[in-house]
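Chemist:
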Amino acid sequence: MPPLNVSDDSDAFPLTLGEDPRFCPACGLPLESKLLEEDHRPRLVCPNDHITWRNPRMVVGTLPVKGGSVYLARRAIEPGLGRWTYPGGFLEVGESAQEGARRETEEETDLRVEVGRLIGVYSRPHVGIVTIVFEADVVGGRPEPAAETSEVRAFTPDEIPWDELAFSTVESALRDWVASLPDSGSRFAPELYVTGDPT
Ligand SMILES: [Zn+2]
26 MPPLNVSDDS DAFPLTLGED PRFCPACGLP LESKLLEEDH RPRLVCPNDH
76 ITWRNPRMVV GTLPVKGGSV YLARRAIEPG LGRWTYPGGF LEVGESAQEG
126 ARRETEEETD LRVEVGRLIG VYSRPHVGIV TIVFEADVVG GRPEPAAETS
176 EVRAFTPDEI PWDELAFSTV ESALRDWVAS LPDSGSRFAP ELYVTGDPT
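Numbers in our numbering are just positions in the sequence shown, counted from 1, shifted up by 25.
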C-alpha cells in the first residue's frame with residue numbers, strides 16, 4: 026500500500042457547515058459571538074439569548090462486502106469526481122448511524138445490505154465532519170450506479186485502487202478493513218486519528 030494521503034479533494038471545498046450565520050434561526054435578530062458563563066469558546070447568541078450551536082456534521086457509510094470483496098462506487102459529482110469511495114452521506118435527524126449508513130448504501134449502489142461491525146470513526150476537524158464507517162453484508166440487490174455515482178464494482182483486497190480513492194477517510198477505512206481481515210497478516214491498527222484545532 027502507498028503512504029497515507031495527507032489531504033484530499035474535499036479539502037479545497039469550504040467548511041461543510043458553511044459560513045457562520047448572521048441572523049438567529051429562531052427569531053431573525055442579529056447574532057453576536059459571545060463567551061457564555063462557564064463555557065470554553067464563544068457562541069453565536071441573539072438579543073433574545075437564543076444560542077445558535079455550531080457542531081460538526083456526521084457522515085455515515087459502509088464497506089459492503091460479499092465473498093471477500095468490497096463494493097466501491099465511482100463518484101459522479103464533486104468533490105472527488107471520477108474517484109472511488111464507499112457509499113455514504115450525511116446522517117439525517119431521526120436516523121441511527123446504522124440506519125443512515127444502510128440508506129445511503131442502498132441509495133448509491135442499489136445493493137441491499139445488513140449493517141455489521143464498526144470499521145472506524147474518522148475525524149476531519151478542519152472541515153467539520155466526523156465519519157463513521159461500518160462493514161455491511163450484501164444480502165441482495167445488484168450493483169448499479171444510482172444517486173451521485175457513475176459505476177459500482179467489487180474489489181478484492183488486492184485490487185483496491187489506492188491511487189484513485191476520493192477522500193482520505195476512504196483510504197483510512199479501507200486500510201482498517203484490510204488490516205482487520207483474518208489473513209491480512211497484520212494486527213488491526215487504526216490509521217487516521219486527526220487532532221482537532223483548539224481555536
Ligand atoms: Zn433569537
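All residues carry an ideal CB built from backbone N, CA and C; glycine is no exception.
Model, not experiment: these values are computed from the prediction.
In angstroms, rounded to a whole number, what distance separates the CA positions of Arg128 and Asp45?
Modeler: Position 103 of the sequence shown, counting from 1, holds the residue named residue 128. Position 20 of the sequence shown, counting from 1, holds the residue named residue 45. Straight-line Cα distance between these residues: approximately 30 Å.
Chemist: Helix, strand or coil, according to DSSP, for Pro215 in the structure here?
Modeler: By 1-based counting over the sequence shown, the position of residue 215 is 190. Note that Pro215 scores a pLDDT of 49, beneath 50, so its modelled location is shaky; the value from the coordinates is reported in the next line. Three-state DSSP puts Pro215 in coil, outside helix and strand.
Chemist: Quick one: grab the DSSP three-state call for Asp162.
Modeler: Locating residue 162 in the sequence shown gives position 137, where the first residue counts as 1. It is a strand residue.
Chemist: Below 7 Å, is the gap between the Cβ of Ala51 and the nearest heavy atom of ligand 1?
Modeler: One-based indexing of the sequence shown puts residue 51 at position 26. Within the cutoff, so yes.
Chemist: Are the beta-carbon atoms of Ala101 and Glu169 separated by less than 8 Å?
Modeler: In the sequence shown, counting from the first residue as 1, residue 101 sits at position 76. In the sequence shown, counting from the first residue as 1, residue 169 sits at position 144. Against a cut-off of 8 Å, the Cβ pair of Glu169 and Ala101 comes out as no contact.
Chemist: Distance, Cα to Cα, Arg99 vs Val140?
Modeler: For the purposes of this step, residue 99 is taken as residue 74 along the sequence shown, with counting starting at 1. For the purposes of this step, residue 140 is taken as residue 115 along the sequence shown, with counting starting at 1. Roughly 21 Å between the two C-alpha positions.
Chemist: Is Val203 helix, strand or coil when you go by DSSP?
Modeler: One-based indexing of the sequence shown puts residue 203 at position 178. Of the three classes helix, strand and coil, the one that applies to Val203 here is helix, per DSSP.
Chemist: Tell me which residue opens and which closes the alpha helix (DSSP H) that Gly125 is part of.
Modeler: Along the sequence shown, one-based indexing puts residue 125 at 100. Segment Ala122 to Thr134, the alpha helix (DSSP H) holding Gly125.
Chemist: Measuring straight from C-alpha to C-alpha, what distance separates Trp202 and Ala161?
Modeler: Position 177 of the sequence shown, counting from 1, holds the residue named residue 202. Position 136 of the sequence shown, counting from 1, holds the residue named residue 161. Taking the straight line joining both Cα atoms gives about 11 Å.
Chemist: DSSP state of Trp109, grouped into three classes?
Modeler: Against the sequence shown, residue 109 aligns to sequence position 84. Residue state, collapsed to three classes: strand.
Chemist: Looking at Pro81: is its Cβ nearer than 8 Å to the Cβ of Ile154?
Modeler: Locating residue 81 in the sequence shown gives position 56, counting from the first residue. Locating residue 154 in the sequence shown gives position 129, counting from the first residue. In this structure, Ile154 lies closer than 8 Å to Pro81 by Cβ.
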